[in-house]
Amino acid sequence: MSVTSSFSSGDRAARASAVPHDPTLDRLQEIWQRHQKKYLDLVTGLGKLIPVLAVPPGELASSLAMNRALITRSQQAIHTLKGALGSFGFMQASQIAAQIETLLSALPQLDHEQINQLPDLINALQHALHPPGPRPSSRQNTWSDRSEHGISPSI
226 MSVTSSFSSG DRAARASAVP HDPTLDRLQE IWQRHQKKYL DLVTGLGKLI
276 PVLAVPPGEL ASSLAMNRAL ITRSQQAIHT LKGALGSFGF MQASQIAAQI
326 ETLLSALPQL DHEQINQLPD LINALQHALH PPGPRPSSRQ NTWSDRSEHG
376 ISPSI
């Protein structure tokens, strides 16, 4: 005799839909949709650091000095991203941003190996916010789209 579940798939769907709707999540998603481009642009802007840092070790000090404004903007951007992404529930992206922030704050003292981590971390941050796979054509990312790709808010 086989044991079967006492709940059919229809029953499971009905129970899942019985979970109370949280308007706070809707509001948070609405705010993310409104500001998403600004945050994604900040991430894209971090890519401008890569050529500044991709110099021979002996030239790093002069490269940093010539690009001080870019470095300062990048430090401000990553700090903003770290907090905002965490607030929107992108915990993995926020943790990556924290790693980048730590490295950028120690830039003049970083060794070549640490500097070489920055491009990989910047790319990881971009991928954390742009998961691979098909994009929904009729709507922008929703919380459920992100959770399908392993990126879900932890609210």
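Under the working numbering, the residues of the sequence shown are numbered 226 to 380, in order. Ideal Cβ placement from N, Cα and C applies to all residues, glycine included.
query: Where does Ala-279 fall in DSSP's three states?
result: Of the three classes helix, strand and coil, the one that applies to Ala-279 here is coil, per DSSP.
message: Given this structure, state the Cα-to-Cα distance separating Ile-256 from Glu-284, to the nearest angstrom.
response: 43 Å
Those runs of the alpha helix (DSSP H) which lie wholly inside the stretch 266 to 321 and span at least 4 residues: 274 to 278, 285 to 291, 293 to 312
- prompt: Which of the three DSSP states, helix, strand or coil, is assigned to Pro-359?
  reply: Unreliable positioning characterises Pro-359 in this predicted model, as indicated by a pLDDT of 46, which lies under 50. A coordinate reading is not provided.
Residues near Arg-298 in its chain [Cβ-Cβ closer than 8 Å; skip 5 each side]: Gly-270
Identity of the residue in Gln-334, Gln-351, Gln-254 nearest Pro-282 by Cα: Each of Gln-334, Gln-351, Gln-254 was checked against the Cα of Pro-282, and the nearest Cα belongs to Gln-334.
- prompt: Do you know offhand how far Ala-294's Cα is from Leu-310's?
  reply: 24 Å
query: Can the beta-carbon of Gln-351 be found less than 7 Å from the beta-carbon of Leu-329?
result: no
- prompt: Taking just the CA atoms, how far does Val-280 sit from Asn-292?
  reply: When the Cα atoms are used, Asn-292 and Val-280 turn out to be separated by approximately 13 Å.
- prompt: Roughly how many angstroms separate the alpha carbons of Ser-287 and Val-277, rounded to a whole number?
  reply: 10 Å
query: Is the distance from the Cβ of Glu-326 to the Cβ of His-304 below 7 Å?
result: yes
task: With distances taken Cα to Cα, identify the nearest neighbour of Ala-318 among Ala-349, Lys-273, Gln-254.
output: Ala-349
query: Leaving out five residues before and five after Ala-323 in sequence, what residues of the same chain have Cβ atoms less than 7 Å from its Cβ?
result: Lys-307
field: Collapsed DSSP secondary structure at Ala-331 in the structure displayed
entry: coil
- prompt: So what's Asp-247 in DSSP terms, helix, strand or just coil?
  reply: Coil.
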